[in-house]
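> Note that my numbering has the sequence shown beginning at 107, numbered continuously upward.
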Amino acid sequence: MGKKSIEDRCKYPAVEIKKKSGDEQFLNAGDDAYTLRDFWAWAYSDLVGNTERGRLAEFIVAMALGITEGISVSWDKYDLLSKEGIRVEVKSSAYLQSWEQQSLSKISFGIQPTYGWDSVSNKFDAEKKHQSDVYVFCLLKHIDQDTLDPLDLSQWEFYVLPTAVLNKTVPEQKTITLNSLLDIGAKKCDYAVLYKTIRDASIL
107 MGKKSIEDRC KYPAVEIKKK SGDEQFLNAG DDAYTLRDFW AWAYSDLVGN TERGRLAEFI
167 VAMALGITEG ISVSWDKYDL LSKEGIRVEV KSSAYLQSWE QQSLSKISFG IQPTYGWDSV
227 SNKFDAEKKH QSDVYVFCLL KHIDQDTLDP LDLSQWEFYV LPTAVLNKTV PEQKTITLNS
287 LLDIGAKKCD YAVLYKTIRD ASIL
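Okay, here's the thing in structure tokens:
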């Protein structure tokens with residue numbers, strides 16, 4: 107066989123990511139015994155800020171769906187896939203932020219259609235659209251800084267909406283307010299019934 111072309115040699119399969127425990131150590135760090143858990147604590151302790159709160163919201167919904175045994179895949183067309191095959195997009199918002207505020211934040215969520223990306227072909231879809239079956243809008247509703255705890259699920263409320271409703275009512279809109287969500291039929295629920303609410307929305 108001849109030598110592989112440059113194009114062939116540049117083809118690499120997707121990296122298989124295995125779930126970490128947090129006990130994995132940094133290698134070749136001298137006498138320092140840092141672990142992956144140290145990195146997680148350093149990088150992701152701000153659960154109130156927009157970035158980490160968004161990932162936390164995804165994990166909370168994954169908890170409700172019973173699908174936390176795997177890992178988050180950041181490049182999928184949608185955030186979560188239930189065991190029944192329901193494609194779920196998760197959005198989050200909060201009244202309190204980790205930075206100084208003059209007033210509580212106004213609640214809105216991103217709903218902009220996107221070009222889905224195919225990880226096998228490494229190409230984007232030709233059509234811009236909402237990629238999921240159901241949207242879950244997660245609101246950290248607590249407004250007392252002294253007792254704010256994003257890990258307390260009683261401080262959250264959830265609004266579930268079939269994606270078909272967005273397609274029908276606000277197909278090109280980039281953001282939506284909480285009041286507008288309620289106007290178009292989003293179902294408010296707490297964590298205890300979140301899974302059932304998602305499942306019911308997927309069959310409407």
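For glycine and all other residues, C-beta sits at the position ideal for the given N, C-alpha and C.
On a predicted model such as this, the values are computed, not experimentally measured, just so you know.
Select from GLY291, ARG161 and ALA149 the residue whose C-alpha is nearest the C-alpha of PRO256.
ARG161
> How many whole angstroms separate the CB atoms of ALA163 and SER211, which I take to be in contact at a CB cut-off of 8 Å?
With 8 Å as the limit, ALA163 and SER211 do not qualify as a contact, their Cβ atoms being about 15 Å apart.
> Whole alpha helix (DSSP H) runs in the stretch 137-161 with 4 or more residues, listed along the chain?
The stretch 137-161 is shown to contain whole alpha helix (DSSP H) runs of 4 or more residues at 142-150, in chain order.
> By DSSP, does GLN207 sit in helix, in strand, or in coil?
coil
> Is the beta carbon of ASN273 closer than 8 Å to that of ASP248?
Residue identity differs from the one stated: residue 248 is His in this sequence, not Asp. Taking 8 Å as the Cβ cut-off, HIS248 and ASN273 do not qualify as a contacting pair.
> Give me the DSSP bridge partner(s) of VAL266.
VAL242 and LYS293
> Might you give, ordered along the chain, the residues of its own chain that have their beta carbon closer than 7 Å to the beta carbon of ASP185, omitting 5 neighbours on each side?
GLU164, VAL194, GLU195 and VAL196
> Rounded to whole angstroms, what is the Cα-Cα separation between LEU171 and GLY136?
Each residue's alpha carbon lies about 42 Å from the other.
> Under a three-way DSSP split, which group does SER260 fall into?
helix
> Leaving out the 5 sequence neighbours to the left and right, which residues in its chain are closer than 8 Å to THR303 when beta-carbon positions are compared?
PHE264, VAL266, LYS293 and CYS295
> Going by other Cβ atoms of all chains shown within 10 Å of its Cβ, with 16 needed for buried, is LEU310 buried or exposed?
With fewer than 16 other Cβ atoms inside 10 Å of its own Cβ, LEU310 counts as exposed.
> From GLU130 to LYS183, what does the alpha carbon distance come to, in whole angstroms?
30 Å
> For LEU288, count neighbouring Cβ atoms within 10 angstroms of its own Cβ and tell me buried if that reaches 16, exposed if not.
Around the beta carbon of LEU288, fewer than 16 other beta carbons sit within 10 angstroms, so the residue counts as exposed.
> The beta strand (DSSP E) with ILE282 in it runs from where to where?
Where ILE282 is concerned, the enclosing beta strand (DSSP E) stretches over 281-283.
> Assign LYS125 to one of two classes, buried (16 or more other C-beta atoms within 10 Å of its C-beta) or exposed (fewer than that).
So LYS125 counts as exposed.
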